[in-house]
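Report on the structure given below.
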Amino acid sequence: MTEYRIEEDTLGPVKIPAEALWGPQTERSRNNFPTGELMPIVIIRAMLNIKKAAAESNLELKNIDQAKGELIIRAVDSLLALSDDELRADFPLHVYQTGSGTQTNMNVNEVVANKAMQLDPSIEILPNDDVNRGQSSNDTFPTAMNVAAVEAVAQLEEAAQHLIDELTKKQKQYWKTVKIGRTHLQDATPLTFGQEVSGWVSMVQHDLDYLKELDDTLLELAIGGTAVGTGLNAVPGFADMIAAKFKEYYGFDFTAKSNKFYGLAAHSGINVVHGAIKSLAADLMKIANDVRFLASGPRAAYNELNIPANEPGSSIMPGKVNPTQAEAITMAATRVMGNDVTIDVACSQGNFEMNVYKPVMIAAFLESADLLRGTMMGFADKMIAGMTVNEERMKELVDNSLMTVTALSPHIGYHDSAKIAQQADKEGTTLREAALKSGKLTAEQFDEWVDPLKMTNIDQDN
């Protein structure tokens, strides 16, 4: 039988598992809100760092007993040294709890206090009065949100750059490999596969640039606002000290010089940055769809690309290869789009001095960043890196296309060129045969004017 201990909070006694480091407020939340995903561990680590920075700052400002401040720092460091799995054991709360994240803040306060008591039972550390000194859930949780988001975006940007690098290799490799273009899902004029890939590269590069332009947006920290943004119970200089320490901890240029009323009631930065993540997701869906459609077949579809066989594609059809990396990244993209709606609605719910949708907002944001980061890496390494082209198939499709007739327009006119294309389509002949039959040009002229590589406007000497 599990053993328990009894602790009290302002509402009365609570029965808590004997070995648990958490206290009564955590236990109440654990029982009151048992549904959904657990609070992201990166938020827990950010909250722990807030407690450490707060203790260090309070010590420097002589706002806490020396022994207590030093013990809190030791307790936090011992917790931060744990692996994510080990840390999770003492942080059991769910995203779907109070909308301010108060119960997670108290979970951290209680665990730090009890860990400190384990390290030195002679010093009493109180969750609210000591660990939470100069803070409120209302400013610590949004601070943790931005810190976690900044880290997640930095990792996402690295993954985007990696995909750009892999695509650029293919762009260079196939710069002069001619293929047929397609617009409106119909044949169009030729281009090279390298040119097509260059468009993909530019899409991801633009998305990466958009993200980087917004990097500073998430560096504003709400810390120091305490309950409603006035900074009640926080000593002067406290917030700036914490921001400075966070620069040391994380290597990002965090600042506490921000409007605290905004920091508690609005999360526009989270919203606008996630909008850029959503744009990246939309472009990734287009690229992944292009790759899988161009690789479709191999015998009954486009068959312009060969993709790696990473795993058996079917439980019933032997030898089948499926574009699974494309499927994974497009599924991730749909989730990101859904998360964007969640964040948009959550951001609109800043009632008076407090937005109370903070946990779901940051959970959705972090999920989006992590999903795109992971699937981009897989897409780059397990699909793009091993992708090759079927040059014979590309040449066959170009030779059979009627849209190369566009090169004749400057010489014989649009109207006569259209007649040639329509005649070739009607009679099932090649464009060359129909052109010569029309009497509008000679074989030599056709071969000179209808040169697919020249039609791509690529300098053949490069």
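Per numbering that gives the first Met the number 0, the very first residue in the sequence shown carries number 0; after that it's consecutive. Glycine residues also receive a C-beta, built at the ideal position from the N, C-alpha and C atoms. Since the structure is predicted, the reported quantities are computational estimates derived from the model, not experimental observations.
Spatial distance of residue i from residue j (CA atoms)
i	j	result
Lys501	Glu310	Nothing can be reported for residue 501, as the shown portion of the chain is limited to 0 through 461.
Glu55	Val200	46 Å
Glu2	Pro23	15 Å
Ser136	Ile241	15 Å
Ser367	Val340	12 Å
Trp21	Ile15	8 Å
Gly438	Arg431	11 Å
Ile457	Glu443	22 Å
Ser99	Met105	11 Å
Val177	Thr167	17 Å
Val355	Gly268	16 Å
Met382	Leu86	35 Å
Ala363	Ile42	13 Å
Ala379	Glu165	6 Å
Asn30	Ala265	29 Å
Thr323	Ala384	14 Å
Ala88	Ile71	20 Å
Assigned secondary structure, residue i (DSSP; H/G/I helix, E/B strand, else coil)
i	result
Lys61	coil
Met240	helix
Ala187	strand
Met0	At Met0 the pLDDT is 45, less than 50, meaning the model places this residue with poor confidence and gives no usable figure here.
Val272	helix
Gly262	helix
Met353	strand
Asp460	Because the pLDDT of Asp460 is 47, which lies under 50, any placement of that residue in the model is unreliable, and the question is left without a value.
Ile179	strand
Asn305	strand
Val388	strand
Thr97	coil
Glu219	strand
Leu365	helix
Thr229	coil
Thr428	coil
Tyr248	helix
Phe32	coil
Ser121	coil
Arg291	helix
Ile315	coil
Gly377	helix
Residues sharing a beta bridge with residue i, DSSP
i	result
Pro12	Glu7
Met402	Its beta-bridge partners do not exist; DSSP assigns none.
Glu55	Answer is none; Glu55 lacks a bridge partner.
Leu37	His93
Thr254	Glu219
Cβ neighbours of residue i in the same chain (closer than 8 Å, five flanking residues each side left out)
i	result
Phe245	Asn48, Ala52, Val146, Leu220, Phe251, Phe253
Val234	Asn57, Leu60, Asn62, Gly133
Met0	With a pLDDT of 45 at Met0, under the threshold of 50, the modelled position of that residue is not reliable, and the figure given next carries that caveat. Nothing meets the Cβ criterion.
Ala17	Thr1, Glu2, Tyr3, Arg4
Lys175	Thr191, Gly193, Leu452, Ile457, Gln459
Contacting residues, own chain, Cβ-Cβ under 6 Å from residue i (five flanking each side not counted)
i	result
Met46	Val107, Ala143
Ala187	Gly180, Arg181, Met402
Val449	Thr403, Ala406
Thr103	Met38, Leu92
Ser313	Lys319
Residues near residue i in its chain [Cβ-Cβ closer than 7 Å; skip 5 each side]
i	result
Ala308	Val320
Gln170	Gly193, Val196, Ser197, Val200
Asp282	Met202, Val203, Asp206
Gly230	Gly223, Gly224, Lys259
Inter-stretch contact (C-beta, 8 Å, three-pair minimum) for the segment 58–69 and the segment 326–333: no
Meets three-Cβ-pair contact criterion under 8 Å: the segment 79–95 and the segment 264–281: no
Touch test, the segment 214–233 against the segment 121–128, Cβ-Cβ under 8 Å, three pairs minimum: no
At least three beta-carbon pairs within less than 8 Å, the segment 369–381 to the segment 149–159: yes
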